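Novice:
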Amino acid sequence: MKQGLRWWIIGLVAVATVINYIDRNALAVMWPAISKEIGADKSDYALLVTFFMLAYACGQTIFGRLFDVIGTRLGFTLSILGWSVSIALHSVARGLGTFGVLRAALGISEAGNWPGAVKVNALWFPSQERALAQGIFNSGAAIGAIIAAPLVALLFGQVGWRATFLLVGLLGGLWLLPWLWLYRGDPGAHPWLSEAERKHIAGGPAEDAPANYAPPVRTLLRHRQSWAIIAARFFLDPVWWLFVSWLPIYLAETFDFDVQKIGLFAWVPFVGAMLGSLGGGWLAGQLIRRGWPVLAARKAVITLGGAIMLPALLLTVGAATPLYAVLLIAVILFGFQVAINNIQTLPSDYFGGGAVGSLAGISGSAAVAGTLITTWLVPVMTRHGYAPIFVLAAAIVPLSVLAIWMLGGRTAPVAASDSMKGNKA
399 MKQGLRWWII GLVAVATVIN YIDRNALAVM WPAISKEIGA DKSDYALLVT
449 FFMLAYACGQ TIFGRLFDVI GTRLGFTLSI LGWSVSIALH SVARGLGTFG
499 VLRAALGISE AGNWPGAVKV NALWFPSQER ALAQGIFNSG AAIGAIIAAP
549 LVALLFGQVG WRATFLLVGL LGGLWLLPWL WLYRGDPGAH PWLSEAERKH
599 IAGGPAEDAP ANYAPPVRTL LRHRQSWAII AARFFLDPVW WLFVSWLPIY
649 LAETFDFDVQ KIGLFAWVPF VGAMLGSLGG GWLAGQLIRR GWPVLAARKA
699 VITLGGAIML PALLLTVGAA TPLYAVLLIA VILFGFQVAI NNIQTLPSDY
749 FGGGAVGSLA GISGSAAVAG TLITTWLVPV MTRHGYAPIF VLAAAIVPLS
799 VLAIWMLGGR TAPVAASDSM KGNKA
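The opening position of the sequence shown corresponds to residue 399 in our numbering, with each subsequent residue numbered one higher.
#1: For residue 452, tell me which candidate among 516, 416, 765, 537 has the shortest Cα-Cα distance.
#2: Which residue's Cα is closest to the Cα of residue 408: 658, 768, 580?
#3: Compute the Euclidean distance between the alpha carbons of residue 566 and residue 488, then round it to the nearest angstrom.
#4: Specify the secondary structure class of residue 474 as computed by DSSP and reduced to three states.
#5: Quick test of the definition: if touching needs 3 or more C-beta pairs under 8 Å, does the segment 625-642 touch the segment 757-774?
#6: Note the first and the last residue of the continuous alpha helix (DSSP H) segment covering residue 537.
#7: Pair every Cβ in the segment 527-542 with every Cβ in the segment 666-682, then say whether three or more of these pairs are closer than 8 Å.
#8: Between residue 697 and residue 532, what straight-line distance do the alpha-carbon atoms span, to the nearest angstrom?
#9: For residue 776, which residues of its own chain have a beta-carbon under 7 Å away from its beta-carbon, when the five flanking residues on both sides are left out?
#10: If you measure between the beta carbons of residue 692 and residue 747, is that distance less than 8 Å?
#11: Could you tell me the boundaries of the alpha helix (DSSP H) in which residue 758 lies?
#12: Please name the residue in 712, 651, 706, 807 whose C-alpha comes closest to that of residue 439.
#13: Would you kindly work out how many angstroms separate the C-alpha atoms of residue 755 and residue 718, rounded to a whole number?
#14: Is it buried or exposed, residue 421, if we count other Cβ atoms within 10 angstroms and call 16 or more buried?
#15: For residue 578, collect the residues of the same chain with a Cβ closer than 8 Å to its Cβ; drop the 5 residues on either side in sequence, then sort them by chain order.
#16: Below 8 Å, how does it come out for the segment 657-666 and the segment 788-803: are there three or more Cβ pairs, yes or no?
#17: Just verifying my parser: in three-state terms, what is the DSSP assignment at residue 690?
#18: Closer than 8 Å by C-beta to residue 548: which residues in its own chain qualify, once you throw out the five before and the five after it? Chain order, please.
#19: DSSP state of residue 715, grouped into three classes?
#20: Could you compute how far the alpha carbon of residue 703 sits from the alpha carbon of residue 737?
#21: Quick check: residue 874 and residue 679, are their CB atoms within less than 8 Å of each other?
#22: Find out if the Cβ-Cβ distance for the pair residue 770, residue 448 is shorter than 8 Å.
#23: Pick from 481, 412, 493: whose alpha carbon is nearest that of residue 432?
#24: Going by C-alpha to C-alpha distance, which of 560, 406, 743, 572 sits closest to residue 418?
#25: When you compare each of 534, 473, 466, 426 to residue 410 by their alpha carbons, which one comes out closest?
#26: I need the boundaries of the alpha helix (DSSP H) containing residue 798, first residue and last residue.
#27: Taking DSSP as the reference, what is the three-state secondary structure of residue 654?
#28: Assuming residue 507 is part of the alpha helix (DSSP H), what are its boundary residues?
#29: Tell me which same chain residues have a C-beta within less than 7 Å of the C-beta of residue 473, skipping the five on either side of it?
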């Protein structure tokens with residue numbers, strides 16, 4: 399395996415992301431049945447989401463730094479082992495307290511997947527390929543969500559919810575076998591990487607100097623480009639999590655769906671997400687190949703994603719049938735992935751080295767902070783329907799795009815001489 403090793407690596411990370419989303423979505427899909435058995439309601443579910451997200455926020459920052467310290471191979475191994483054991487232990491939960499502890503454990507360990515993937519992207523791909531590579535990785539989230547609803551519903555119907563948690567927990571252990579075999583080291587030390595591919599990875603468009611400034615965390619946060627990414631994710635990620643966490647509950651409450659009907663419908667929006675992941679990455683790469691500066695291409699595609707999301711969110715307010723609702727949500731998630739792929743690529747466009755994982759982790763924690771606010775608002779704002787929460791989601795999308803334009807302000811990587819006061823667009 400001498401050519402194209404980088405694509406095998408990112409493909410395997412995408413498979414890990416598929417497993418990640420199957421594991422985290424299993425509770426939501428089976429919640430109508432689990433809640434009846436343990437005597438819980440929608441507010442209790444919001445509490446479990448809160449436990450998960452708080453731990454997820456901590457895990458983003460912890461693993462972001464951990465990947466920079468211990469390396470990609472071991473970082474992914476620790477992350478996926480942790481979340482696989484956590485989801486398998488859901489099978490022995492007896493009540494809300496046990497579920498809360500296990501959701502927190504799942505959140506911390508699953509969080510490692512995202513800074514890890516950004517780190518892989520920065521290490522293995524030149525700038526013109528990073529958005530597409532990020533799209534391939536992010537498509538794993540969509541594919542996982544597509545698979546999760548029908549797969550979990552099928553397993554639930556055959557073996558019940560406890561055995562279903564145990565079975566999906568086995569997937570991560572299976573993934574580790576090819577990961578440890580394939581990922582022998584980073585590009586500079588991998589024994590299977592050809593010299594031609596190593597030179598290609600180190601290259602990039604001539605008009606874009608590679609990012610090589612890697613400040614420590616305290617200095618990193620003095621740059622407004624860091625805050626552009628942090629703010630953009632704070633505002634945008636809650637839209638994704640609104641549907642990841644609440645779509646099955648929305649379908650159950652709005653259209654009186656049971657677990658089997660959720661399995662039939664809940665996967666549809668994530669087809670849009672998958673197409674957006676690949677499309678957003680492809681489009682950014684095309685613009686860069688046509689001579690656009692890397693960061694200008696990123697901003698243009700991020701803006702396009704926001705423009706797709708906004709009207710679809712407003713139309714979802716009046717969705718009267720489940721098919722119309724899930725198709726609109728598919729458009730929303732398409733636009734979201736077009737934008738987020740390029741936002742998540744920005745740490746490696748602005749900075750280099752050990753700063754990439756750290757900034758990816760910090761911005762991921764900010765994304766969770768924004769998501770927690772919407773999580774707490776959902777039970778309050780949806781007492782008489784989901785229209786108010788969709789309006790709120792529509793309102794925060796432009797704020798994310800504005801953060802990129804107002805704080806990002808550069809068409810070149812950040813240099814050591816730049817600062818919060820000294821940066822210029």
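Ideal Cβ placement from N, Cα and C applies to all residues, glycine included. Note that the coordinates shown come from a computational prediction; the quantities given were computed from them, not determined experimentally.
Specialist: Taking the structure as given:
#1: The residue labelled residue 452 in the question sits at position 54 within the sequence shown. From the listed residues 516, 416, 765, 537, the smallest Cα separation to residue 452 is found for 765.
#2: Position 10 of the sequence shown, counting from 1, holds the residue named residue 408. It is 580 whose Cα lies nearest to the Cα of residue 408.
#3: Your numbering for residue 566 matches position 168 in the sequence shown. Your numbering for residue 488 matches position 90 in the sequence shown. Here the alpha carbon of residue 566 sits roughly 10 Å from the alpha carbon of residue 488.
#4: Start at 1 with the first residue of the sequence shown, and residue 474 comes out as number 76. In the structure shown, the three-state DSSP call for residue 474 is helix.
#5: Contact between the segment 625-642 and the segment 757-774 is present: 3 or more CB-CB pairs across the two stretches fall below 8 Å.
#6: The count along the sequence shown starts at 1 and reaches residue 537 at position 139. First-last of the alpha helix (DSSP H) with residue 537: 525-580.
#7: Yes, since at least three Cβ pairs between the segment 527-542 and the segment 666-682 fall closer than 8 Å, the two stretches touch.
#8: Taking the sequence shown and counting its residues from 1, the one referred to as residue 697 is at position 299. Taking the sequence shown and counting its residues from 1, the one referred to as residue 532 is at position 134. Cα atoms of residue 697 and residue 532: separation of roughly 15 Å, rounded to the nearest angstrom.
#9: Position 378 of the sequence shown, counting from 1, holds the residue named residue 776. Only 444, 644, 787 meet the Cβ criterion.
#10: For the purposes of this step, residue 692 is taken as the residue at position 294 of the sequence shown. For the purposes of this step, residue 747 is taken as the residue at position 349 of the sequence shown. Annotated as proximal: residue 692 and residue 747, with beta-carbon spacing under 8 Å.
#11: In the sequence shown, residue 758 corresponds to position 360, counting from 1. Start and end: 753-779.
#12: Counting from 1 along the sequence shown, the entry for residue 439 is found at position 41. Nearest option by C-alpha distance: 651.
#13: Here residue 755 corresponds to residue number 357 of the sequence shown, with the count starting at 1. Here residue 718 corresponds to residue number 320 of the sequence shown, with the count starting at 1. In a straight line, the C-alpha of residue 755 is about 43 Å away from that of residue 718.
#14: The residue labelled residue 421 in the question sits at position 23 within the sequence shown. So residue 421 ends up on the buried side.
#15: Position 180 of the sequence shown holds residue 578. Within the same chain, Cβ atoms closer than 8 Å to the Cβ of residue 578 are found at 471, 475, the five residues on either side in sequence being excluded.
#16: Taking 8 Å as the limit for Cβ pairs, the verdict is that the segment 788-803 does not touch the segment 657-666.
#17: Here residue 690 refers to the residue found at position 292 of the sequence shown. DSSP places residue 690 in coil when its eight states are reduced to three.
#18: Looking up residue 548 in the sequence shown gives position 150. Counting only Cβ-Cβ distances below 8 Å, and skipping sequence neighbours, we find 661, 662, 665.
#19: Locating residue 715 in the sequence shown gives position 317, counting from the first residue. Looking at residue 715 - three-state DSSP - the assignment turns out to be coil, as it is neither helix nor strand.
#20: As a first step, residue 703 is located in the sequence shown; it is residue number 305 there, counting from the start. As a first step, residue 737 is located in the sequence shown; it is residue number 339 there, counting from the start. So the two alpha carbons sit approximately 5 Å from each other.
#21: Because the chain here runs from 399 to 823, residue 874 falls outside it and cannot be looked at.
#22: Here residue 770 refers to the residue found at position 372 when the sequence shown is read from its first residue. Here residue 448 refers to the residue found at position 50 when the sequence shown is read from its first residue. Using a Cβ distance threshold of 8 Å, residue 770 and residue 448 count as a contacting pair.
#23: Stepping through the sequence shown from its first residue, residue 432 is reached at position 34. Residue 493 is the option with its Cα nearest to residue 432.
#24: On the sequence shown, residue 418 is found 20 positions in, with the first residue counted as 1. 572 is the residue among 560, 406, 743, 572 whose C-alpha sits nearest the C-alpha of residue 418.
#25: As a working mapping, residue 410 is identified with position 12 in the sequence shown. When each option's Cα is compared against that of residue 410, the closest is 534.
#26: Locating residue 798 in the sequence shown gives position 400, counting from the first residue. Counting along the chain, the alpha helix (DSSP H) containing residue 798 begins and ends at 785-801.
#27: Sequence index remark: in the sequence shown, residue 654 carries index 256 (1-based). It is coil, neither helix nor strand.
#28: Along the sequence shown, one-based indexing puts residue 507 at 109. Looking at the DSSP string, the run of the alpha helix (DSSP H) that includes residue 507 is 494-508.
#29: In the sequence shown, counting from the first residue as 1, residue 473 sits at position 75. Its chain contains 461, 464, 465, 510, 514 as the residues whose beta carbon lies nearer than 7 Å to that of residue 473, once the 5 sequence neighbours on both sides are disregarded; these appear in chain order.
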